[in-house]
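Q:
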Amino acid sequence: MSSPTSVPATHAPDAGTTRTEPEQPAQQSLPADCKVAGLAVYVDVDETLLRHYGTRQIPIPSVIKQIKALHKQGAELYCWSSMGAAYARQCAETCGVAHCFQAFLPKPNIIVDDQQPKAWRRILHVHPSQCSSQTTVDEYREELRKPRPL
């Protein structure tokens, strides 16, 4: 059992006193009534937002519609590409959805984290073909609440 955590007096409700609270154990899964706050959605460019046919770039309508719907519902959208942030922005502008994104990023080459991405509990992979179902923010949140094997 861990020892209680002491909160400095400057953070206690009454200045000059110290409040002691027990540490909370780490949760293994999200409770049913838990809100998955700030749904962050990372959208790839090539063959996700745009399909390539020779030298032409063809926007994928179902993905664009899903991006607009998620943006309208308050999801935090980020556009990324292995070709870099400027390319991601240019492609989003071409598709008319640049305003939906919080930022444009290069796709990472290295992730520094204590867990492998496959072990992350609160992450979903959505294939572009699944965007035609028009899943809502609330439906994604519900899916993220479900227990998943590590």
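Residue numbers for the sequence shown follow the numbering used here, beginning at -8 and rising by one. Glycine residues also receive a C-beta, built at the ideal position from the N, C-alpha and C atoms. This one's a predicted model, so the numbers in the text were calculated from it and none came from an experiment.
Considering only C-alpha positions, which residue in the set V103, N100, C70, E130 is nearest to T93?
A: Here residue 93 refers to the residue found at position 102 when the sequence shown is read from its first residue. Reading the sequence as shown, one finds Gln at residue 93 and not Thr. For Q93, the nearest C-alpha among the options comes from C70.
Q: So D35 and H43 are in contact, right, with Cβ under 8 Å, and what is the actual spacing, rounded?
A: Locating residue 35 in the sequence shown gives position 44, counting from the first residue. Locating residue 43 in the sequence shown gives position 52, counting from the first residue. So it is not a contact: roughly 13 Å between Cβ atoms.
Q: Can I51 and L40 be called in contact, C-beta distance under 9 Å?
A: Within the sequence shown, numbered from 1, the residue matching residue 51 stands at position 60. Within the sequence shown, numbered from 1, the residue matching residue 40 stands at position 49. Contact: yes.
Q: I need the DSSP call for I193, collapsed to helix, strand or coil.
A: The first residue shown for the chain is -8 and the last is 141, placing residue 193 beyond what the model contains.
Q: Determine the DSSP secondary structure at S123, reduced to helix, strand or coil.
A: Mapped onto the sequence shown, residue 123 falls at position 132. Here S123 sits in helix by DSSP.
Q: According to DSSP, is A17 helix, strand or coil?
A: In the sequence shown, counting from the first residue as 1, residue 17 sits at position 26. Per-residue confidence for A17 stands at a pLDDT of 41, beneath the threshold of 50, marking its modelled position as unreliable; the derived number appears in the next sentence. Of the three classes helix, strand and coil, the one that applies to A17 here is coil, per DSSP.
Q: For V117, collect the residues of the same chain with a Cβ closer than 7 Å to its Cβ; drop the 5 residues on either side in sequence, then sort them by chain order.
A: As a first step, residue 117 must be located in the sequence shown, where it is residue number 126. Excluding residues within five positions, none has a Cβ falling inside 7 Å.
Q: So, at 8 Å on beta carbons, what are the nonlocal neighbours of R139 in its own chain, with the 5 sequence-adjacent residues on each side left out?
A: Position 148 of the sequence shown, counted from the start, is the residue given in the question as residue 139. Taken in chain order, the residues that qualify are R112.
Q: Kindly provide the ranges of any alpha helix (DSSP H) runs that are 4 or more residues long and lie completely inside the stretch 26 to 102, ordered along the chain.
A: 52 to 63, 76 to 85
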